[in-house]
């Protein structure tokens, strides 16, 4: 019988006690693994957010306050000014357009329905955005919120006439680079981009659901204000609302809107997350607080800070649970060594080296740790999602409860992608305060017990088990074989 | 050959110094079956632990085949116990959750003997000590006292030691089983040419050994032999 086999056998000498020890270990190890999974999930989310919008600032015209917004539009000159601010690595201008299906618009006009969704108002930050006709049919129904907004902002139509089914307007955005309205690179799934985004072009990028709804593929054509445009590529924004959109080059959109040189917003990318706050202040100074509102993408600073806290808490909890598991193993093994002093003495008397006896106890501890890890991994696989959700929801609650200040609050929600392409969010204030979008992103953290993370966690458990077992194993070296005979 | 030279072991108990082993000297030829008798507390087990390198003498030396144990480091003493000594205890001291075969294989495992070899040798030894083969794979805590002592003797023989030290080997056994154990030890000393030193307070048992020593107040004296001393064979 080998040392390992003997250790396994010893681990099951007292089955009731072994079961109790394994149960306690399983709870500690399960908690440790769940915390590790949560830590990894939050870490990945923080990384993802940092990589996407963490360094993006959005500049909107000052005074945009929903339907009652005012102020002056942004200009190409202001974009140049923003680009000259230290630590700014890129400035992308956008021009927003609102597209209505030409047939639907004509039918509504004939039925006496005045005004489109939002009454033609309510672009980003409350600016007006040009409403144009198109051959495209929206891929997304207005839904309850859309219908309610249209009813509120439009008219009820002819009395006694059932209002026609409404669809959301299609958002068209002129962009100065191949990014979406959050500054994130467009995920083009078919075809190509638009090439030079600073020149007029008759090419466009369509969201996948919009293309599918209209049976368009790369190379197909459609019209905006009777002008034919060719589908250069399809993109996937990840949501049905996000894919109910069209991108054209910035000059094209400015021409279509009849607003050459004007911008709806600017997406400013800062060179690093550390410089975001200082660059935001510098931008506000350069553009003038009465001319432009500068908001951090998704106002993620607070959210990221909270996520960082969750990450730290989960790391500390992981270490604490791991330490607890190690302590349990240490105490159990000390107890076993004391209980088996005579047996250890016998083994020494018949010639067992100290290292063999020590190894036997370490292996026995590892057997207990392995059993505890198996049960703990099962516990973690069930509990990690709930624990992570509990941590994140607490975090997002505190995040959404944060005070919202400053002008353009409604737009702040749109700046992170919840506005222009978002369903029901194209209307000012559709997503609430600036933390609405951030909270959504934060709460979308997925804690999945990946084999790699579980393996790393169990590796740590085994490391702690070895450390925990080493002390009692070393204690065995101090037991003298003479103690066997003394008991005779 | 075992040579014990002026062996002394003292313990301090408060202000008093106790000498359970006081200037003990004797020699044992290879293959001798010897006994040490004495009352409880006379120092028999202390002397046995010194011979078996379980304890270190205050002074004096034990020389086994010309090799002195005095000053030998712990690791070497462990090796000495593993290679040259076999212990048989009154309480048997078997590992209860291991089978008889596994218990006998333990010293061989510590000596680095291959599993197949040690398994075969363990079975052979258990046959030699007349343990029912059906009980070879039985856990030792399910064996009778006599059976456990047979397993303990087989374990003591596992690494073919030069010296077997038996501390009250029949102390926990009935008279008949005790006689069987003594016969077994006697035959082993002859067949294996193993020196066996038995510590006992049982006079009848001592009378069956080649040489008899009496330990009294730490002093060892030899009593007349009751049976011919077996000469060491080549």
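Protein chains in written order, with my numbering: chain A, 19 to 506; chain B, 149 to 382.
C-beta atoms are modelled at their ideal positions from N, C-alpha and C, and glycine is treated no differently.
These numbers were taken from a predicted model, which means no experiment stands behind them.
Non-local beta-carbon contacts of residue 29 of chain A in its own chain, meaning distances under 7 Å to residues more than five positions away in sequence, involve 36, 382, 385, 386 in chain order.
Across the structure, residue 332 of chain A and residue 471 of chain A are spaced so that their CA atoms are roughly 14 Å apart.
Taking a C-beta cut-off of 9 Å against chain A, the contacting residues of the segment 212 to 238 of chain B are 222, 223, 226, 227, 228, 229, 230, 231, 233, 234, 235, 237, 238, listed in chain order. Taking a 10 Å sphere around the C-beta of residue 152 of chain A, we find 16 or more other C-beta atoms and assign the residue as buried. Using a CB distance cut-off of 8 Å, residue 190 of chain B does not count as an interface residue toward chain A.
Less than 8 Å divides the Cβ of residue 202 of chain B from the Cβ of residue 499 of chain A. Classified as exposed, residue 221 of chain B has fewer than 16 neighbouring CB atoms from the shown chains inside 10 Å of its CB.
In terms of beta-carbon proximity, residue 31 of chain A lines the interface with chain B, with at least one pair separated by less than 8 Å. DSSP, reduced to helix, strand and coil, places residue 298 of chain A within a helical segment of the structure shown.
For residue 353 of chain B, same chain residues with a beta-carbon under 8 Å away, outside a window of 5 residues either side, are 183, 318, 326, 330, 346 in chain order.
Runs of the beta strand (DSSP E) lying entirely within the segment 335 to 381 of chain B and spanning at least 3 residues, in chain order: 343 to 348, 359 to 364, 367 to 371.
The shortest C-alpha to C-alpha distance from residue 310 of chain B to any of B:351, B:224, B:204, B:179 is the one to B:179. Among the residues of the segment 243 to 261 of chain B, those with a Cβ less than 9 Å away from any Cβ of chain A are 243, 244, 245, 246, 247, 249, 250, 253, 254, 255, 257, 258, 259, in the order of the chain. Interface annotation for the segment 332 to 361 of chain A against chain B: 360, 361, criterion Cβ-Cβ distance under 8 Å. At a C-beta separation below 8 Å, residue 27 of chain A has these neighbours in chain B: 245, 246. Between residue 89 of chain A and residue 80 of chain A, the gap from beta carbon to beta carbon is short of 8 Å. Under the Cβ distance rule, residue 59 of chain A does not count among the residues neighbouring chain B, no pair being separated by less than 8 Å. Distance check between residue 95 of chain A and each of A:469, A:244, A:278 places A:278 closest, using alpha-carbon atoms only. The alpha helix (DSSP H) runs of length 4 or more contained entirely in the segment 253 to 341 of chain B are, from start to end of the chain, 263 to 276, 293 to 305, 323 to 339. Assignment of residue 236 of chain B by DSSP, reduced to helix, strand and coil, places it in the strand class. Counting C-beta atoms within 10 angstroms of its own C-beta, residue 307 of chain B has 16 or more neighbours from the protein chains shown and is therefore classed as buried. In the three-state reduction of the DSSP assignment, residue 30 of chain A falls in the coil class, being assigned neither a helical nor a strand state.
For residue 61 of chain A, same chain residues with a beta-carbon under 7 Å away, outside a window of 5 residues either side, are 329 in chain order. Residue 324 of chain B counts as exposed, since fewer than 16 other C-beta atoms from the protein chains shown sit within 10 angstroms of its C-beta. Of the candidates A:468, A:395, A:377, A:486, A:377 places its Cα closest to the Cα of residue 258 of chain B.
Sorting A:50, A:259, A:374 by C-alpha distance to the C-alpha of residue 255 of chain B places A:374 at the top. Any Cβ of chain A closer than 8 Å to the Cβ of residue 368 of chain B would place that residue at the interface, and such an atom is absent. Close CB contacts of residue 476 of chain A within its chain, under the 6 Å cut and outside five residues either way in sequence, are with 391 (chain order). Contact annotation, residue 190 of chain A with residue 242 of chain A: C-beta distance approximately 7 Å; criterion of less than 8 Å satisfied. Interface annotation, residue 385 of chain A: not in contact with chain B, CB-CB separation never under 8 Å.
In this structure, residue 379 of chain A places its C-beta atom within 8 Å of the C-beta atom of residue 487 of chain A. Here the segment 45 to 59 of chain A lies against the segment 391 to 406 of chain A, with 3 or more beta-carbon pairs under 8 Å apart. In chain A, no part has a C-beta under 7 Å from the C-beta of residue 157 of chain B; the shortest such distance is about 11 Å. For residue 358 of chain B, there are no C-beta contacts with chain A under 9 Å, since the nearest C-beta of that chain is about 24 Å from it. For residue 371 of chain A, the residues of chain B that pass the 9 Å Cβ criterion are 223, 226, 227, 230, 258, in the order they occur in the chain. Under the three-state reduction of DSSP output, residue 209 of chain A falls in the strand class.
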